[in-house]
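Colleague: Provided herewith is a single structure, encoded as structure tokens, for subsequent inquiry.
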Amino acid sequence: MRLISLRISIGMLGPLIFQVLLTMLYSSIRYEEINSRLLLLFLLTIFPLVIMHVISPFLLSYYGRLEDRLEKLFSKGLDQVLLRDDSFIDTRTKLRESVLLAQEDRKRTAEEIKEVLVPILVKPALDGYKDTFYARDKEVKANDTLDYYESLALFSIYTVVFFTVNLVITWFLKFTSVNLIVIQLDQIEEWNFVYLLTIFFVAGIVLSYLLFGYSIEKMESYLPYAVPNLFYEDPQQNMLRKEQIRSVLSYNLDSLLPRNIQRVRKYVIDESINQVAMPLLKEEFLIKSRKNLALKLAFEEYSLILARRMKLREKRGQITEIDRLLLGEKIAGAIQFNNDDLLGLNMDLMYVRSQIADWKELSKEQREMTYIQLYRLIERVIKQICFNLSGEELEVNAPAEVNFFEGLKWLSTNGYMDKDTYSTLNHFRFLRNQVIHEPGTEIQVSSTTLIDVIRDTNQILKNAERKFIEGQKV
1 MRLISLRISI GMLGPLIFQV LLTMLYSSIR YEEINSRLLL LFLLTIFPLV IMHVISPFLL
61 SYYGRLEDRL EKLFSKGLDQ VLLRDDSFID TRTKLRESVL LAQEDRKRTA EEIKEVLVPI
121 LVKPALDGYK DTFYARDKEV KANDTLDYYE SLALFSIYTV VFFTVNLVIT WFLKFTSVNL
181 IVIQLDQIEE WNFVYLLTIF FVAGIVLSYL LFGYSIEKME SYLPYAVPNL FYEDPQQNML
241 RKEQIRSVLS YNLDSLLPRN IQRVRKYVID ESINQVAMPL LKEEFLIKSR KNLALKLAFE
301 EYSLILARRM KLREKRGQIT EIDRLLLGEK IAGAIQFNND DLLGLNMDLM YVRSQIADWK
361 ELSKEQREMT YIQLYRLIER VIKQICFNLS GEELEVNAPA EVNFFEGLKW LSTNGYMDKD
421 TYSTLNHFRF LRNQVIHEPG TEIQVSSTTL IDVIRDTNQI LKNAERKFIE GQKV
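The sequence shown lines up with residues 1 to 474 when you count with our numbering.
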């Protein structure tokens, strides 16, 4: 554990010490002796150091334009959640072309969400950065790297300030002497000396400015690990951390030790692997849990907007159980989504509804894309319903493990849907599989079909709610 953090030793104390040493150097050259009173000047730097320490997060926020940078990071994070990759679509099918052509429609829908949500999230994130500036989770190694780049940025800021003051004093000294109490700065008579100092200070200012730009750019990459409600992480960083964990846990000991030695030294080997893997796993769990929490906070803000929209739909008689479910409510005492899924699912529903409303104006490609997005939404909802209601009957550990076809059969068998609903949803599933697995197949679907699918899924949720209420009465 460091007694003095990098931000103090490099970012603040460094420029101050350099300034004092520069003054002592001037004194020793000018008077051919070291002025002992300059030691007092060094001691007097303690109070400015405290001030610098206090204002540092505000300086970094202002001069580093962290508000704009956080806005960009939130936008990237929302893109990760909302504009998910459609790689499940076979590139051999014509549908892949549809996805590429219609992607702009989804981007416009995502932009609508970002325009509303990002401004709400940025200010708390900036406040969170300042609040946690001196109290970060050191179990996340990326925070140490962030401290380092913050130190360089602060060093640059304070160096620019000191060098600018020195530059002004240098030109002032060309015309008169200056008494700074602890040291007398005599008038500089030689223009060459003025020019030399000017070049030195200007070069220092320029280099510090370049260092500041570099440091701030690097800081941006590590902000998500320090800001509590920021959920974006660079995909490359995420991949490298996970691959590091996999490489440790899947290490091939046979290439290092014979099997008989592995058996004899099993305890030592297992303990060594645990010591290496545990910090990596702990960091992965911490980062993932923080990301989930940040997504929950983001959706809580967005859910207020969704709730207002839901009230408007209710007034028009359009309220559905799907809206309630995607608002994070619990239906039938069990069916509920995790917050980290809700932003993306609401994006899908918002996109599908906007496309259905303009169905006649859509191209064939746009209609195909709308179909695929609705399929992804309905499949996820059906799997969640089955997982929460079936108990251990389907023998799965997570909603994603539920087979869509088996889930539909289970819902039909247990009275959550009638034959017509089962037929509609099964045909919906069959057509999607045909398009994905049979190259050249095209989707011929009307807006009425999509509306029926949403209506039938909504009815399943209503039936589940009705059964739950009846069970409560009994």
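Here a beta-carbon is modelled for each residue, glycine too, at the ideal position from N, C-alpha and C. These numbers were taken from a predicted model, which means no experiment stands behind them.
1. Once you ignore the five residues that flank L461 on each side, which residues in its own chain have a CB closer than 6 Å to its CB?
2. Considering only C-alpha positions, which residue in the set F155, G391, I273, A400 is nearest to K383?
3. Looking at the secondary structure, which residues open and close the alpha helix (DSSP H) in which G410 lies?
4. Tell me the residue span of the alpha helix (DSSP H) that contains P235.
5. When the Cα of L173 is compared with those of I157, W191, S156, F162, which residue comes out closest?
6. Kindly indicate which residue of V381, L240, L60 has the alpha-carbon position closest to the one of K218.
7. Write down every uninterrupted run of the alpha helix (DSSP H) in the stretch 148 to 236 whose length is 4 residues or greater and which is fully enclosed by it, in chain order.
8. Could you give the uninterrupted runs of the alpha helix (DSSP H) lying entirely in the stretch 101 to 146, keeping only those of 4 residues or more?
9. Leaving aside the five residues before and after I157 along the sequence, list all residues of the same chain whose C-beta is less than 7 Å from its C-beta, in chain order.
10. Bridge partners for I331 per DSSP, in chain order?
11. When burial is assigned at 16 or more other CB atoms within 10 Å of the CB, is I89 buried or exposed?
12. So the alpha helix (DSSP H) L416 belongs to, where does it begin and stop?
13. If we call anything under 8 Å between Cβ atoms a contact, is F477 one with G333?
14. Quick one: any contact between the stretch 153 to 170 and the stretch 198 to 208, if contact means 3 or more CB pairs under 8 Å?
15. Taking the alpha-carbon positions, what's the L304 to F133 distance?
16. If we count Cβ pairs, one from each stretch, closer than 8 Å, do we get three or more for the stretch 225 to 237 versus the stretch 128 to 148?
17. Quick one: using the 10 Å Cβ neighbour count with 16 as the cut-off for buried, is M350 buried or exposed?
18. State the Cα-Cα distance for the pair K72 and A398, rounded to the nearest angstrom.
19. Return helix, strand or coil for S87, following the three-state DSSP convention.
20. On a CA-only basis, which of F193, E104, F155 is nearest T170? Give me that one, please.
21. Taking 8 Å as the limit between beta carbons, can you name the residues of its chain near L280, skipping five residues before and five after?
22. For N388, which residues from the same chain have a beta carbon less than 6 Å from its beta carbon, with the 5 sequence-adjacent residues on both sides left out?
23. Kindly give me the distance between the Cβ atoms of N346 and L306, rounded to whole angstroms, as I take these residues to be in contact under 8 Å.
24. Evaluate contact between the stretch 281 to 297 and the stretch 253 to 267, counting only Cβ atoms and requiring at least three cross-stretch pairs below 8 Å.
25. Please go through the same chain and pick out, in chain order, the residues whose beta-carbon is closer than 7 Å to the beta-carbon of S447, but skip the five residues on each side of it.
26. Start and end of the alpha helix (DSSP H) containing A298?
27. Output yes or no for whether 8 Å exceeds the beta carbon distance between L394 and E379.
28. Take the Cβ of T413 as the centre, count every other Cβ of all protein chains shown within 10 Å, and call the residue buried at 16 or more, exposed below.
29. Within 10 angstroms of the Cβ of M239, are there 16 or more other Cβ atoms? Answer buried if so, exposed if not.
30. Whose CA, out of N252, P124, L78, lies closest to the CA of L295?
31. Between V352, V381, R308, which lies nearest to R367 when the distance is taken from Cα to Cα?
Modeller: This is what the structure holds:
1. The count along the sequence shown starts at 1 and reaches residue 461 at position 461. E321, I331.
2. Your numbering for residue 383 matches position 383 in the sequence shown. Comparing Cα positions, the closest option is A400.
3. For the purposes of this step, residue 410 is taken as residue 410 along the sequence shown, with counting starting at 1. Note that residue 410 is Trp in the sequence shown, not Gly. Its alpha helix (DSSP H) spans residues 404 to 413.
4. Locating residue 235 in the sequence shown gives position 235, counting from the first residue. Looking at the DSSP string, the run of the alpha helix (DSSP H) that includes P235 is 235 to 249.
5. The residue you call residue 173 lines up with position 173 of the sequence shown. Selected option, being the one with the closest Cα: W191.
6. Here residue 218 refers to the residue found at position 218 of the sequence shown. The candidate whose alpha carbon is nearest that of K218 is L60.
7. 191 to 222
8. none
9. Position 157 of the sequence shown, counted from the first residue, corresponds to residue 157. These residues qualify, in order along the chain: L59, Y63, F212.
10. Residue numbering aside, residue 331 sits at position 331 when the sequence shown is read from its first letter. In DSSP, I331 forms a bridge with I335.
11. Translated into the one-based positions of the sequence shown, residue 89 becomes position 89. Model confidence at I89 stands at a pLDDT of 48, short of 50, so the residue's coordinates are unreliable; what they give is reported in the following sentence. I89 should be labelled buried.
12. Locating residue 416 in the sequence shown gives position 416, counting from the first residue. This sequence places Tyr at residue 416; Leu is not what is there. In the DSSP assignment, Y416 falls outside any alpha helix (DSSP H), carrying neither H nor E.
13. This structure leaves residue 477 out entirely; the chain is present only between 1 and 474.
14. Output reads yes: the stretch 198 to 208 touches the stretch 153 to 170.
15. Here residue 304 refers to the residue found at position 304 when the sequence shown is read from its first residue. Here residue 133 refers to the residue found at position 133 when the sequence shown is read from its first residue. Roughly 30 Å between the two C-alpha positions.
16. yes
17. Along the sequence shown, read from residue 1 onward, the residue named residue 350 stands at position 350. Result: buried.
18. For the purposes of this step, residue 72 is identified with residue 72 of the sequence shown, where counting begins at 1. For the purposes of this step, residue 398 is identified with residue 398 of the sequence shown, where counting begins at 1. Their backbone Cα atoms lie some 33 Å apart in a straight line.
19. Working through the sequence shown from its first residue, we reach residue 87 at position 87. Note that S87 scores a pLDDT of 46, beneath 50, so its modelled location is shaky and nothing firm can be said.
20. Working through the sequence shown from its first residue, we reach residue 170 at position 170. Comparing Cα positions, the closest option is F193.
21. On the sequence shown, residue 280 is found 280 positions in, with the first residue counted as 1. R241, Q244, I245, V248, listed in sequence order.
22. By one-based count along the sequence shown, residue 388 stands at place 388. Cβ within range, chain order: A334, I335.
23. Within the sequence shown, numbered from 1, the residue matching residue 346 stands at position 346. Within the sequence shown, numbered from 1, the residue matching residue 306 stands at position 306. About 7 Å separates the two Cβ atoms, so the contact holds.
24. No, because fewer than three Cβ pairs between the stretch 281 to 297 and the stretch 253 to 267 fall closer than 8 Å, the two stretches do not touch.
25. The residue labelled residue 447 in the question sits at position 447 within the sequence shown. So the list reads I356, W359, once near-sequence residues are dropped.
26. Counting from 1 along the sequence shown, the entry for residue 298 is found at position 298. Element bounds for A298: 266 to 315.
27. Looking up residue 394 in the sequence shown gives position 394. Looking up residue 379 in the sequence shown gives position 379. Not in contact: L394 and E379 (Cβ atoms no closer than 8 Å).
28. The residue given as residue 413 occupies position 413 in the sequence shown. T413 is exposed by the Cβ-count criterion.
29. Numbered from its first residue, the sequence shown carries residue 239 at position 239. It is exposed - the Cβ of M239 has fewer than 16 other Cβ atoms within 10 Å.
30. The residue labelled residue 295 in the question sits at position 295 within the sequence shown. Measuring from the Cα of L295, the nearest candidate turns out to be L78.
31. The residue labelled residue 367 in the question sits at position 367 within the sequence shown. Comparing Cα positions, the closest option is V352.
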